[in-house]
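Trainee: Protein chains in written order, with our numbering: chain A, 930 to 1410; chain B, 816 to 1348.
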Amino acid sequence: MAPRALDYESLNENVKKVQYAVRGELYLRASELQKEGKKIIFTNVGNPQALGQKPLTFPRQVVALCQAPFLLDDPNVGLLFPADAIARAKHYLSLTTGGLGAYSDSRGLPGVRKEVAEFIGRRDGHPSDPELIFLTDGASKGVMQILNTIIRGEGDGILVPVPQYPLYSAAIALFGGSLVPYYLEETANWGLDINDLRQSVSRARANGITVRAMVIINPGNPTGQCLSQANLKEILYFCYQENLVLLGDEVYQQNIYQDERPFISARKVLLGMGPPISRELQLVSFHTVSKGYWGECGQRGGYFEMTNIPPKSVDEIYKVASISLSPNVPAQIFMGLMVNPLKPGDISYDQFVLESKGILESLRRRARIMTDGFNSCRNVVCNFTEGAMYSFPQIRLPPRAIQAAKQAGKVPDVFYCLKLLEATGISTVPGSGFGQKEGVFHLRTTILPAEEEMPEIMASFKKFNDEFMEQYEDHRGYSRM
Amino acid sequence: MRRFAAERARDLLRSHSLQRYSRRRLLSSLTSQSQSRFLSSTSPPDSPPSMGSQPVTLDTINPKVLKCEYAVRGEIVSIAQRLQQELKENPGSHPFDEILYCNIGNPQSLGQQPITFFREVIALCDHPSILDKSETQGLFSADAIERAWQILDQIPGRATGAYSHSQGIKGLRDAIADGIEARDGFPADPNDIFLTDGASPAVHMMMQLLIRSESDGIFCPIPQYPLYSASIALHGGTLVPYYLDEETGWGLEVSDLQKQLDSARSKGITVRALVVINPGNPTGQVLAEENQQQIVEFCKKEGLVLLADEVYQENIYVPDKQFHSFKKIARSMGYGENDISLVSFQSVSKGYYGECGKRGGYMEVTGFSADVREQIYKVASVNLCSNITGQILASLVMNPPKVGDESYESYCEERDGILSSLARRAQTLEQALNSLEGITCNRAEGAMYLFPRIHLPQKAIKAAEAAKTAPDAFYCRRLLDATGIVVVPGSGFGQVPGTWHFRCTILPQEDKIPAVVSRLTEFHKGFMDEFRD
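(1) How about residue 956 of chain B and residue 1253 of chain A: are their beta carbons less than 8 Å apart?
(2) Over the uninterrupted beta strand (DSSP E) stretch that includes residue 981 of chain A, give me the two end residues.
(3) What does DSSP give as the partner residue(s) for residue 1174 of chain A in the beta ladder?
(4) Would residue 1394 of chain A be called buried (16 or more neighbouring beta carbons within 10 Å of its own) or exposed?
(5) Any chance the region 1047-1066 of chain A sits against the region 1086-1102 of chain A, with 3 or more Cβ pairs inside 8 Å?
(6) Under 8 Å between the Cβ atoms of residue 1183 of chain A and residue 1315 of chain A?
(7) Can you tell which of A:1139, A:1014 and A:967 has the C-alpha that lies nearest to the C-alpha of residue 990 of chain A?
(8) Among the candidates A:937, A:1083, A:1152 and A:1172, whose CA atom is the shortest distance from the CA of residue 1127 of chain A?
(9) When the Cα atoms are used, what is the spatial distance from residue 1208 of chain B to residue 1167 of chain A?
(10) Among A:1375, A:1396 and A:1136, which one has its Cα closest to the Cα of residue 977 of chain A?
(11) Report yes or no: do the region 1254-1269 of chain B and the region 1308-1325 of chain B share at least 3 C-beta pairs separated by less than 8 Å?
(12) Quick one: is residue 865 of chain B near chain A, going by C-beta distance under 8 Å?
(13) Starting from residue 1215 of chain A, find everything on chain B with Cβ-Cβ shorter than 7 Å and list it in chain order.
(14) State yes or no: is the beta carbon of residue 846 of chain B nearer than 8 Å to at least one beta carbon in chain A?
(15) Whole angstroms are fine: how far does the CA of residue 973 of chain B sit from the CA of residue 1388 of chain A?
(16) Apart from the five residues just before and just after residue 1139 of chain A, which ones in its own chain have a Cβ nearer than 7 Å to its Cβ?
(17) Are any of the Cβ atoms in chain A nearer than 8 Å to that of residue 1053 of chain B?
(18) Opposite residue 1235 of chain A in the DSSP bridges: which residues?
(19) Identify, in the order they occur along the chain, each residue of the same chain with its Cβ nearer than 6 Å to the Cβ of residue 862 of chain B, setting aside the five sequence neighbours on each side.
(20) May I ask you to list, following chain order, the residues of the region 1222-1235 of chain A that have a beta carbon less than 7 Å from some beta carbon of chain B?
(21) Relative to the alpha-carbon of residue 966 of chain B, which residue among B:1118, B:1348 and B:1210 has its alpha-carbon at the smallest distance?
(22) Reducing DSSP to helix, strand and coil, say where residue 880 of chain B ends up.
(23) Of all the options A:946, A:1250, A:935 and A:1201, which has the alpha carbon lying nearest to the alpha carbon of residue 1102 of chain A?
(24) Should residue 1093 of chain B and residue 1101 of chain B be called a contact, given that it needs their Cβ atoms to be closer than 8 Å?
(25) Cβ of residue 1000 of chain A within 8 Å of Cβ of residue 1006 of chain A?
(26) Can you give me the Cβ contacts of residue 996 of chain A inside the same chain, cut-off strictly under 8 Å, excluding the 5 residues immediately before and after it?
(27) Provide the residue span of the alpha helix (DSSP H) that contains residue 1228 of chain A, from first to last.
(28) Count the other CB atoms, across all protein chains shown, that sit within 10 Å of the CB of residue 1347 of chain B; report buried if there are 16 or more and exposed otherwise.
(29) With three or more C-beta pairs closer than 8 Å as the rule, is the region 1224-1232 of chain A touching the region 1191-1201 of chain A?
(30) Could you check the C-alpha separation between residue 979 of chain A and residue 1179 of chain B for me, to the nearest Å?
(31) Looking only at its own chain, which residues have a Cβ that is under 6 Å from the Cβ of residue 870 of chain B, when we skip the five neighbours before and after it?
(32) The alpha helix (DSSP H) with residue 952 of chain B in it runs from where to where?
(33) Below 7 Å on C-beta distance, what does residue 1169 of chain B contact in chain A?
(34) Expressed to the nearest angstrom, what Euclidean distance is found between the alpha-carbon atoms of residue 1260 of chain B and residue 1131 of chain B?
(35) I'd like to know if residue 1403 of chain A contacts chain B, where contact means its C-beta is closer than 8 Å to some C-beta of that chain.
(36) Name the DSSP bridge partner or partners of residue 1317 of chain B?
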């Protein structure tokens, strides 16, 4: 047999370094068990519609009409579709050249980008430029594009929160850069410590790394914390002083479950700080149709907005976007609908509000149910989910459990999560997939299972956990600090 | 966009001079504020913030980004967009009424209609709640409704808004595998299929896996579709060219391949893969079976991954040629999983369906070890999954209506109408180009393009030099300015040095073709009159 053209040894090393636990070992094991007939509750990824959340009616009506425009000519179309959906479909079709089947501008349809800019303007009170907004096949693609633009080699470091959503660590590995961690403080509600941030940067620089960018995820994933205006100001000053571009992952901006810290965009804070920082600090902000109360993950719709990025760099970013021709057009329409929603008086408005509120209020309740549920378990401590879609409880594994994990050749939290999966069918992602302080273990679950199933899920978890702790604790019990 | 960019550049320059002064002022104001954590945790910085370039500027961004090029949406297109805007604001400001974009294989933007059945199914999958309403039956064909049900049953919870399996929905991959088997007569495994947002991301994925450094080379045809050159540049590899022979209808000589391979190796390049585009882009040739067999043998012998771009497999316009997938060829030669590593790319953007905007496609990956497959899966999983509509479309393209289905006849009528029209347009345009002085054009056996060679007079070449433009770009610019027709200079695809070409699509609707021909003819005559030696 001839030597294989591409074997494991000759693969790009960067690819081998990539880890993405969200669809890693636990997920693969859960899929195996599902095939064997076991009931699995997939809480490994923020995928609302996979767990029963219904799509909003109005956008689906509009996009269906756009996909099949011949329906618009049928006299009976009004029997199935309300007039405002019909009108909106015509509006979006008019923004295209040739309908949904044609490549759009590589940055996305100008008309939709205008709607996004108007949304940002209304949200923040500062005008936004559609020319600096690029629609992408999901926010992830946008993140990858920007990181690829920044990272020149392993000498380039990107500041990433720990714990983080592992798209960042994966992308940095893929592009051959260096991840510079800054630790969020669990005991301070996953707050950011500017001191720790400075130290991370100093350490990196002492190792010859040029720190180029800082990632913030607000609201946080997996941690859920919402940044205050003061926090954002600190971060912006810091990036300005250290000459970093700030990458603001704001995909969960509609998922806020407390009232003390409503969402405020990094751009709003930046522009509010006035010149010179408002004219110089480089910022890229990311958003999506996958989260919020829309949950349209499968459409792959997102955008990034650039602030203070020089025109020539924007041209280069455009050039790379043009190689992939264009983002998918149906998702662009979803994005337009998301940023340009129905208004009071529109035929479909009431139903839209009913559906949206229903989802958001339920998410808020589930955030509370889950946090309280975890906190009622032995050796489990859980910060409240202020935003996003996840719960990230700390599991205080007794020393004997850690030992058993080692013997099984598993990282301790992976060991715990596998046992949880086998016992209850709950598929989570071990905290090691997101990063955590040495010796501290977590798991990430979503708050997305249906509300009526939550009590049973939490009871099932508690039973497993408390029995696990019983099994692995010593006789005096593992004391809660 | 470029005009706006220039204005912003001027603004930036103006504000730059204020930077230094402003930064010092900002610092002093910071230290006097009482932001507790900010102050107490550190002492004020010893020196002002770095005056070096910001993180995202031309001198600090990834040089590979700077290096890559993609002419299909390059400079000439930006100029065309500007002219289009000018026409809109000031009708009559140019010697033409409209811009005709013949630069990009984007059929539906030029009036090609989508296949009704496909759109019916997609619309129903987008809005499944109307499926059990009686009114739906009046608006949609029965087999579209049935197919939508079938597809939805393959999606857990019928949730088309959920992320799917990272390779794509299993049931859809089953349908695609069946379609591949029906096409080739050899089995296909759904686990070998990775559904992607168009074929392009799949190509990028493979380049990412294959290229470790600039010592890794990828064999590419010249001329080529510049996704390949761009992707290789982006991933830091080296493009190793093999020249297609214009004299023999863009044929490929294996002896030439060998020569280029040996030359690359002698320079210390490890050649990892060979890209073949069949039918060709921009060249339009359909490879002869014998040629394909030679390529398979070559890759097997030299240990190269065969990357087969087969996105134009349903665009064949000549009766004496047929599409054969490389997998079919390899399997017919008796070569299996252990003999050759092969990746085939397919897309929903071309063929007769032309669904570019949906971003649907897949790669079929065969002949790799399990641990490599795992890595491919891992990279796919970071993006979670490709868009569901694109996935559904890919399954429809590979599994269209069959004899006896309610929509079969109208589907065939639409399909054949589009394909025969494409064949006619290919022929008409080719003949028109060949009738022009100094232009020779190989026939378009397949794909969507013509790639005529222009034998430019010396005078024209000198004029181009004076304008600091490549001669083919000079010609294309003049063509645009005179006629509003946008084509892409051959240098965007690669060509034998000293030869000049341009790529023009065959996609304007048939009723526009006479106007295209006459405008082109008139322009060319004028150009030759001006520059004839």
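For glycine and all other residues, C-beta sits at the position ideal for the given N, C-alpha and C.
Note that the structure is predicted; figures quoted are calculated from it, not measured.
Mentor: Well, looking at it:
(1) no
(2) Premise fails: residue 981 of chain A is in no beta strand (DSSP E) and is neither H nor E.
(3) A:1142
(4) buried
(5) no
(6) no
(7) A:1014
(8) A:1172
(9) 47 Å
(10) A:1375
(11) yes
(12) Residue confidence is low: residue 865 of chain B scores 48 on pLDDT, short of 50, so the model does not pin down where it sits. Its coordinate-derived value is still stated next. Yes, its Cβ sits closer than 8 Å to a Cβ of chain A.
(13) The contacting residues do not exist; residue 1215 of chain A stays about 14 Å from chain B at best.
(14) Residue placement at residue 846 of chain B is flagged as unreliable, the pLDDT there being 38, under the threshold of 50; the coordinate-derived value follows with that caveat. So, not an interface residue.
(15) 28 Å
(16) 1084, 1085 and 1086
(17) no
(18) A:1213
(19) Residue placement at residue 862 of chain B is poorly supported in this model, since its pLDDT is 35, which falls under 50; the coordinates are not used for a value here.
(20) 1224, 1225, 1226, 1227, 1228 and 1229
(21) B:1210
(22) helix
(23) A:946
(24) yes
(25) yes
(26) 1029 and 1259
(27) Per DSSP, residue 1228 of chain A belongs to no alpha helix (DSSP H) and is neither H nor E.
(28) exposed
(29) no
(30) 27 Å
(31) none
(32) 949-954
(33) 1030
(34) 6 Å
(35) no
(36) B:1304
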